[in-house]
Amino acid sequence: MNMKQKIIKELQGDLPLSPHPFREIAQRIGSTEDEVLALVSKYVKEGVIRRLGAMLAHQRLGFVANGMGVWRVPEEEVARVAEIMVSYPEVSHCYERPVSAAWPYNLYTMIHATSRKQCEQVAAGISQATGIKDFRLLFSTRELKKTSMVYY
Amino acid sequence: MDDLDKQLINRIQSGFPIVSRPYRQLGRELGISEKELISRLARLKDQGIIRRLGAAFDSKKLGFTSILAAMKVPQNKVDAVAELLNSYKGVTHNYLRDAEYNMWFTLIAESTVRLAEIIEEIKQKSGINELLELPATRLFKIKVDFNLEKNA
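Protein sequence lines correspond, in order, to chains F and E. If you read the first sequence in this note's numbering, its first letter stands for residue 67, the second for the next number, and so on. If you read the second sequence in this note's numbering, its first letter stands for residue 9, the second for the next number, and so on.
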């Protein structure tokens with residue numbers, strides 16, 4: 067394993083809760099604190115690390131409802147509509163995905179809120195603001211798995 | 009959870025300080041000691057509010073490939089199919105949703121070839137061919153910071 071993979075292997079788990087967490091990691095992987103700090107900063111800058119911090123159990127914090135909004139948006143309007151969607155703080159993710167005969171929806175929004183009703187209100191607001199009437203809100207009824215990827 | 013916990017959670021979801029003593033720096037920002045900051049984080053982890061303190065990666069930039077997929081799973085097969093899907097380490101999220109395509113999961117693999125293999129294997133082992141493959145074609149937003157209001 068190269069140094070990059072070793073660092074990723076450490077950071078895909080938990081940072082040590084001790085005064086010098088990066089020094090501890092450096093000792094484990096045969097590096098120095100300075101090198102680890104420099105490389106981690108570099109990975110953040112390059113976007114290899116999207117986020118360094120706490121991953122939350124958001125359901126425990128009262129964000130108990132999550133609805134996946136699926137929207138049927140004309141191709142030439144996708145960028146305009148997405149721009150409006152992402153302006154909502156309740157929308158955590160917004161992606162375009164391919165359509166098929168079985169599934170005609172091309173724009174996806176994850177909506178997090180404290181209740182189903184609130185999710186529905188957000189979706190209705192988005193529909194009104196964007197003019198997109200053909201959409202569905204798919205609520206999760208059971209979490210079957212939620213974990214972080216183990217890359218190495 | 010007191011207001012300081014909420015401030016800490018709001019602060020620490022991203023931008024973890026990449027310095028020799030990050031907890032001392034976070035403590036200074038919130039006006040508490042390094043020791044208290046560490047013990048608060050340890051408690052929030054024990055309580056399951058913080059799932060993990062570490063990095064989230066851009067799997068694409070690490071050379072991995074990912075997909076959202078949805079399956080039409082008959083009610084009497086839900087548990088068995090969930091078990092099958094969840095046995096893959098690359099299946100990181102899996103939810104039941106109230107729609108005809110009822111099982112929605114994300115899959116990360118080290119290559120597009122491996123990803124296609126896994127999808128094929130899932131179809132074969134589950135005996136279910138109704139599976140939507142929904143790779144992202146455009147990303148408009150990915151943000152999972154939750155803002156906790158004081159006294160909320």
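Backbone N, C-alpha and C fix where the C-beta goes; we use that ideal spot for every residue, glycine too. What you are looking at is a predicted structure, and each value in this text was computed from that prediction instead of being measured.
Next on the checklist: Any C-beta of chain F within less than 8 angstroms: which residues of the stretch 107-138 of chain E qualify?
Outcome noted: Residues of the stretch 107-138 of chain E with a C-beta atom less than 8 angstroms from some C-beta of chain F are A107, Y109, M111, W112, F113, I116 and E138, listed in chain order.
Checklist entry - Since V139 of chain F contacts K149 of chain E with CB under 8 angstroms, what's their CB separation in whole angstroms? => result Contact annotation, V139 of chain F with K149 of chain E: C-beta distance approximately 15 angstroms; criterion of less than 8 angstroms not satisfied.
Item to check | Y161 of chain F vs F72 of chain E beta-carbon contact at 8 angstroms | outcome: No.
Item to check | Backbone CA spacing between T207 of chain F and H178 of chain F [nearest angstrom] | outcome: Rounded to whole angstroms, T207 of chain F to H178 of chain F spans 14 angstroms at the Cα level.
Next on the checklist: Would you say R116 of chain F lies against chain E (beta-carbon separation less than 8 angstroms)?
Outcome noted: Taking Cβ atoms only, chain E reaches closer than 8 angstroms to R116 of chain F, which makes this a yes.
Checklist entry - With a cut-off of 8 angstroms, do at least 3 Cβ pairs link the stretch 74-86 of chain E to the stretch 35-52 of chain E? => result No, the stretch 74-86 of chain E is not in contact with the stretch 35-52 of chain E.
Checklist entry - Going straight from the alpha carbon of F24 of chain E to that of A88 of chain E, what length do you get? => result Taking the straight line from one Cα to the other gives about 40 angstroms.
Checklist entry - Quick one: is E156 of chain F buried, meaning 16 or more other Cβ sit within 10 Å of its Cβ, or exposed? => result A residue is called buried once 16 or more other Cβ atoms fall within 10 Å of its Cβ, and E156 of chain F is buried on that count.
Checklist entry - When the Cα of T120 of chain E is compared with those of E:E141, E:N102, E:K131 and E:L104, which residue comes out closest? => result The shortest Cα separation from T120 of chain E among E:E141, E:N102, E:K131 and E:L104 belongs to E:E141.
Next on the checklist: Under 8 angstroms, Cβ to Cβ, is there at least one residue of chain F near Q21 of chain E?
Outcome noted: Yes, because at least one Cβ of chain F sits closer than 8 angstroms to the Cβ of Q21 of chain E.
Checklist entry - Taking the alpha-carbon positions, what's the I95 of chain F to D80 of chain F distance? => result Between the C-alpha atoms of I95 of chain F and D80 of chain F there is a straight-line separation of about 15 angstroms.
Checklist entry - Which class does V81 of chain E belong to by DSSP, given the choice of helix, strand or coil? => result The three-state reading of DSSP puts V81 of chain E in coil, since its state is none of H, G, I, E or B.
Checklist entry - Which class does T180 of chain F belong to by DSSP, given the choice of helix, strand or coil? => result Assignment of T180 of chain F by DSSP, reduced to helix, strand and coil, places it in the coil class.
Checklist entry - Tell me which same chain residues have a C-beta within less than 8 angstroms of the C-beta of P22 of chain E, skipping the five on either side of it? => result Checking the sequence shown, residue 22 of chain E turns out to be Ser, not Pro. Within the same chain, D153 come within 8 angstroms of S22 of chain E by CB-CB distance, once the 5 residues on both sides are set aside.
Item to check | Same chain, Cβ closer than 8 angstroms to N94 of chain E, neighbours up to 5 away in sequence not counted | outcome: Here the set comprises N102.
Next on the checklist: Against V99 of chain E, what residues of chain F qualify as contacts under a CB-to-CB distance less than 7 angstroms, listed in chain order?
Outcome noted: Per Cβ cutoff of 7 angstroms: K211.
Checklist entry - Taking 8 angstroms as the CB-CB cut-off, is N94 of chain E touching chain F? => result So yes, N94 of chain E belongs to the interface.
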